[in-house]
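Heads up: the structure comes next, in structure tokens.
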Amino acid sequence: MNRREAPDLRGVEATIAETGSALGCPLHLLDETTSTNDEAKHAARGGAPHGSTWVAERQTAGRGRQGRAWQSARGENLLFSVLWRQPCPPSRLPLLSIAAGLAVTDVARRAVPGKDVRLKWPNDVVLVERDATDGARSWKKLAGILVETSMIGGRADGVVIGVGLNVHTRDFPEDLARHATSLALLGADPLDRAHILADVLVALDRETTLVAGRGLGLVRARLLDWDALRGERVKSELGAGTASGIDDDGRLIVRGEDGVQMAWGSGEVHLGA
Ligand code: BTN
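Going by the working numbering, the first residue of the sequence shown is number 24, and it counts up by one from there.
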């Protein structure tokens, strides 16, 4: 785990410090690890402080939600995990995952103004595309987020927020190419991972503080505006219907074909009837 000085991460500690963010300090820059979430969970057990952050150039066992793997070419993108340790009512802990999605969506939207970057429940950051002929919506994933809670004696002792944000990659492996995009492919300029990371940490600090303190109320307007699923026909292993927003507990509201409203708390959502 040697420190690597990729040109666009050089000076990243200073860039983060200038923002005054409570996150990103201490910052651990790793050349390679299994998963930055593993690093953060391990350090949480050893008493690492709130805001500790691990950034890796390569993960050998990067994880996604639903047991998926997260692949990313060495040195091209942002792979990092933040240890979040602030007072939070247990009922609001699941909302932190949505807060993290909002934070990354916010930074991505500012990096590529004019592009339709949205949040796909619960926390995928996607580019939404519309078919020119039938207007059908589809998406490409720009970032994924894996939130894991570190438990001690049945109590949440810290939350690990892991983010994979595609920055420089232009050539994705064949199996990902149709479903993935990056800030570079969307025309972001400049593309400097130090500044993007610093911006995400600031946004993450802001959104998690708001949501832990007040629930989804203060972020609801943006959730509504940036919702990739609202009004779309969706399906998951829980059923099918039309996505109609996100409730106060962070669940996806889906109006079934029979008009009955459902609230989905987990699972992978796909477009279509
Ligand atoms: C998903 O979309 O399924 C979530 C992907 C999360 C990937 C990030 S990369 C940094 C951190 N370390 C991991 O092993 N996973 C997260």
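From the three backbone atoms N, C-alpha and C, an ideal C-beta is built for every residue, glycine too. Quick caveat, the model's predicted, so the values are computed rather than measured.
Check your understanding: With distances taken from CA atoms, which of D129, R81, G137 is nearest D147?
Key -> Minimum Cα distance to D147 is reached at D129.
Check your understanding: For V283, does the count of other Cβ atoms within 10 angstroms reach 16, so buried, or fall short, so exposed?
Key -> Note on V283: under 16 other CB atoms within 10 angstroms of its CB, so exposed under the neighbour-count rule.
Practice item. State the DSSP-derived secondary structure class of D308, mapped to helix, strand or coil. Key: No statement about residue 308 is possible, as the shown extent of the chain runs from 24 to 296 and does not include it.
**Study point:** Contacts around G288, its chain only, beta-carbon distance under 6 Å, and the 5 residues preceding and following it disregarded
**Key:** R274
**Study point:** G279 versus A126 - alpha carbon distance
**Key:** 30 Å
Check your understanding: Which residue from L102, H65, S75, A71 puts its Cα closest to that of Q82?
Key -> L102
Check your understanding: Is E99 helix, strand or coil when you go by DSSP?
Key -> coil
Point to revise | Rounded C-alpha distance that separates N135 from C48 | key: Note that residue 135 corresponds to Val in the displayed sequence, not to Asn. In a straight line, the C-alpha of V135 is about 27 Å away from that of C48.
Practice item. May I ask whether a heavy atom of the ligand BTN can be found less than 7 Å away from the beta carbon of D147? Key: yes
Review point. For H73 versus R108, is the C-beta distance shorter than 8 Å?
Key: Remark: C-beta atoms of H73 and R108 approach each other more closely than 8 Å.
Check your understanding: Which of helix, strand or coil does DSSP assign to H65?
Key -> It is helical.
Practice item. May I ask whether a heavy atom of the ligand BTN can be found less than 7 Å away from the beta carbon of R81? Key: no
Review point. Among the residues of its own chain, which have a CB less than 6 Å from the CB of A29, if the five just before and after it don't count?
Key: G98
Review point. Could you give the distance in angstroms between the alpha-carbon of L227 and the alpha-carbon of L118?
Key: Those two C-alpha atoms are separated by around 13 Å.
**Study point:** Beta-bridge pairing of E152 - partner residues as DSSP gives them
**Key:** As computed with DSSP, E152 is found in a beta bridge with S161.
Exercise for review: Check whether the Cβ of V35 sits closer than 7 Å to any heavy atom of the ligand BTN, and report yes or no.
Suggested key: no
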